[in-house]
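Note sheet for the following structure.
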Amino acid sequence: RNHGGVVYLLLQHGTWVTCGFKLVEMVDSLSIPSGATSFDARGTSGVKVYVLYNPNAVKKAAGASRWTLNSQVEVIVSMDIPSSSVNDSKVRISYYGQKENAPVEGAWLYLTCVSKYYKNNRLNTLETRNLGNPFVLPLQTKWTWGPEGQGAVLLVNCDRDSPGAKDMDSAYQYVQSYADLEDMSLMILRTQGPSAIFADYKLVLHISVADVDKVRVFHASGDGSLAQYKHVLGLDKRSYIVDRSSGQEEDTFYVEGLAFPDADFSGLVSFHVTLLENAPDTPIFTDTVVFRVAPWIMMPNTLQPLEVFVCRGSNPNGDFLEAMRALVRKANCKLTVCPEVENRRDRWIQDEMEFGYVEAPHKVFPVVFDSPRDRGLRDFAFRRILGPDFGYVTRVPPHGHVSSLDSFGNLDVSPPVTVQGKTYPLGRILIGSSLPRSGGRRMTKAVRDFLYAQKVQPPVELYSDWLRVGHVDEFLSFVPAPDRKGFRLLLASPDACYKLFKEKQREGHGNMAQFAGLENVQTITIDEMLADKTLRSDSEYVQSCIDWNRHTLKEELGLTEQDIIDIPQLFMLNGSRADAFFPDMVNMIVLGKHLGIPKPFGPIVDGRCCLEENVRSLLEPLGLVCIFINDFFSYHTLLGEIHCGTNVLRKPFSFKWWNMIL
């Protein structure tokens, strides 16, 4: 037997060892024959023998192959191919006296090599990254990032492939359908060696206690019917004896993830296969393969839109829906309208959920992240979006308390950026919070922990608690651009608005009114707005809050002033927190080059809204199409805008997350 990698030889006897491809053997000084001072070691075909020694303490004995007997000399034995029969390979150790040319004594080491391989879905550094097919991967004891990395990828099986099922596929301890198998990662265990060895040994597949609730493994056997996929590891099952009595060399397993990375789970799961000698169970050697659970990945505005979601409101928003239909047609997207019976008078679909995706080399599918806000739309994501190849995840604070900052209008993601030489090819998550001091509102820890644990889009916390609703989408957005970094950051700007209004006042348009044309809405002229000290004071405070975020965004996203466009916008304080004074134009929907922007109802100058014209002049040179949509009574007066009331499913990144350098 191989005891901890060291084999003790008995003189005038054979020593039998079952091993993997590598074995360390150290000569036992207690077995050295009397008068022996040196030794040599020779192996039969297929066996490689190496000697490790300290050259400062050990010198070679007479004869090219002899070595001094010394505690600092080790003999390493390895085999390149598995054995075809039991004890078919040998190593002879010969001992020599001070002057003898013939050995004074000898010992034989009989070897049986059994190899174990895993097939899985991510290639190692010796192969090309054609990730469509699994292949043999031995001894993947570590999972490494980057284009030259190695390690398998595992998906959380969080979709619902069977229409009649009541829960996600991961909730069931049996295979739901053949489509269910496609969401799992293939793991093939191949054992090569003499089948007779398994009369005295057994092969055990096992996982740690820490990982047992993170994965589930099914063993494929029999005729391939669904009933033949046996649950063998995960939850209440920590180990499984792989039957080798019939002499087969290969077993197929399907592995599904049960948990996303989180504060208490790194995302790494290790599977071990151990060869045990029977009676009593004695471990001979163990091999390990490591999987990483695929992270949930957000999609920025710059990715291609596929489908737009919007709610039909009890406070009629029919005109708004028609405008959205026209916009979606221009952007060549699908439109899904959530009826009132399903949204239960909750039109804030952006606040309820965020679309992302998961990806492994063999599969990619979208996953909706359901926020803990749980208002009228609380069941929509689970009941209507969860389905075949559309997953679901949620996080709920243990204490049950949530604030407005837990809504997902307060969750965004930047396009890919490079910051001081470090690349973020999937962008960085943006969440709103309070200032770094005690007190104030923050996104619940359960959600923040989840976002941080995904690793591939490291979050940036911004200051949004100055807003009454408190969402980052009230003061920022990203739009695609053909130059520079491929995008522009849009920031709401009271300073830009005052600059524009002063310019129009100097041109003689001070008597033009904001909100003209809106029924039952008090108008206010440019002159009156510029003279309103309270509005000015409120806007100066808001500008200081946005400037704080501007600095953070420049630092954390590697931006310059040339990457930022200031969108004119005024705010007013309601108590200690701010609301948009007129429809908040940065709270837009971005569908490729088509922008659905809240219509600001600004002062009319030369027959055109001066706010709209200013925004067009800023964005249309980038090839963008500005479409202003009236959301005043259907959203703005309810403290939200177009982005708050819509949601967009987008095409995933082409970049593979496992190629990141972390």
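Position 584 of the sequence shown, counting from 1, maps to 584 under the UniProt record's numbering, and the rest follow consecutively. Just so you know, even glycine gets a beta-carbon here, dropped at the ideal spot from N, CA and C.
Are residue i and residue j touching if we call contact CB-CB under 8 angstroms?
i           : j      : result
Asp183      : Asp169 : yes
Val367      : Trp296 : yes
Val269      : Leu203 : no
Pro397      : Thr336 : no
Gln420      : Gly517 : no
Asn315      : Ser634 : yes
Pro372      : Asp406 : yes
Ser185      : Phe260 : no
Thr144      : Ser89  : no
Ala294      : Leu155 : yes
Ser477      : His471 : no
Leu189      : Val242 : yes
Val91       : Leu69  : no
Ser404      : Arg441 : yes
residue 663 : Val255 : Absent from the model: residue 663. The displayed extent of the chain is 1 to 662, so no value can be given.
Glu641      : Asp584 : yes
Pro388      : Asp159 : yes
Glu613      : Pro600 : no
Gly596      : Ile564 : no
Please classify residue i as buried or exposed, where buried requires at least 16 other C-beta atoms within 10 Å of its C-beta.
i      : result
Glu100 : exposed
Val289 : buried
Ile429 : buried
Asp547 : exposed
Leu123 : Note that Leu123 scores a pLDDT of 42, beneath 50, so its modelled location is shaky; the value from the coordinates is reported in the next line. The residue in question, Leu123, is buried, as its Cβ has 16 or more Cβ neighbours within 10 Å.
Asn574 : exposed
Gly645 : buried
Arg395 : buried
His643 : buried
Asn332 : exposed
Ala41  : buried
Glu127 : Per-residue confidence for Glu127 stands at a pLDDT of 25, beneath the threshold of 50, marking its modelled position as unreliable; the derived number appears in the next sentence. Exposed is the call here.
Ser576 : exposed
Val209 : exposed
Phe39  : buried
Leu226 : exposed
Tyr178 : exposed
Tyr424 : buried
Gln514 : buried
Gln176 : buried
His401 : exposed
Leu377 : buried
By DSSP's criteria, residue i is part of a beta bridge. Which residues make up the other side?
i      : result
Ile604 : Cys609
Ile546 : Looking at the DSSP assignment, Ile546 forms no beta bridge with any residue, so it has no partner.
Cys626 : Leu595
Ala107 : Ile93
Asn647 : Phe309
Lys202 : Leu276
Lys363 : Ala360
Thr79  : Note that residue 79 is Met in the sequence shown, not Thr. Paired residues: Val47.
Phe291 : Ala152 and Val269
Glu354 : Phe369
Met298 : Gly356
Pro283 : Leu276
Met184 : Met184 pairs with nothing; no bridge assigned.
Glu74  : Leu52
Val341 : Bridge partners of Val341: none, in fact.
Phe390 : Gly387
Ser493 : Pro568
Following a CB-centred definition, is residue i positioned closer than 7 angstroms to any heavy atom of the ligand FMN?
i      : result
Asp167 : Absence of the ligand FMN from the depicted structure is noted, as is the absence of any ligand whatsoever, leaving it without description.
Could you check how far apart the C-beta atoms of residue i and residue j are, in whole angstroms? I think they sit under 8 angstroms.
i      : j      : result
Val586 : Gln569 : 7 angstroms
Thr525 : Gly508 : Going by Cβ atoms, the distance from Thr525 to Gly508 rounds to 12 angstroms, so no, they are not a contact pair.
Phe501 : Leu530 : 6 angstroms
Ser239 : His206 : 4 angstroms
Leu622 : Pro482 : 7 angstroms
Met353 : Asn647 : 6 angstroms
Val328 : Pro652 : Not really, about 20 angstroms apart at Cβ, beyond 8 angstroms.
Val77  : Val58  : At roughly 19 angstroms, the Cβ-Cβ gap does not stay under 8 angstroms, so Val77 and Val58 are not in contact.
Ala263 : Ala453 : 6 angstroms
Within the 8 angstroms Cβ cut-off, does residue i reach chain B?
i      : result
Ala263 : Among the protein chains of the structure shown there is no chain B, as only one such chain exists.
Legend entry - Residue ranges of each alpha helix (DSSP H) within the stretch 413 to 486, 4 or longer: 445 to 453
Legend entry - alpha helix (DSSP H) segments (min. 4 residues) lying fully within the stretch 502 to 588: 526 to 531 and 533 to 557
Inset, instruction - Enumerate, from N- to C-terminal direction, the unbroken beta strand (DSSP E) stretches of 3 or more residues contained entirely within the stretch 210 to 266. - result: 215 to 220, 229 to 233, 239 to 242 and 250 to 257
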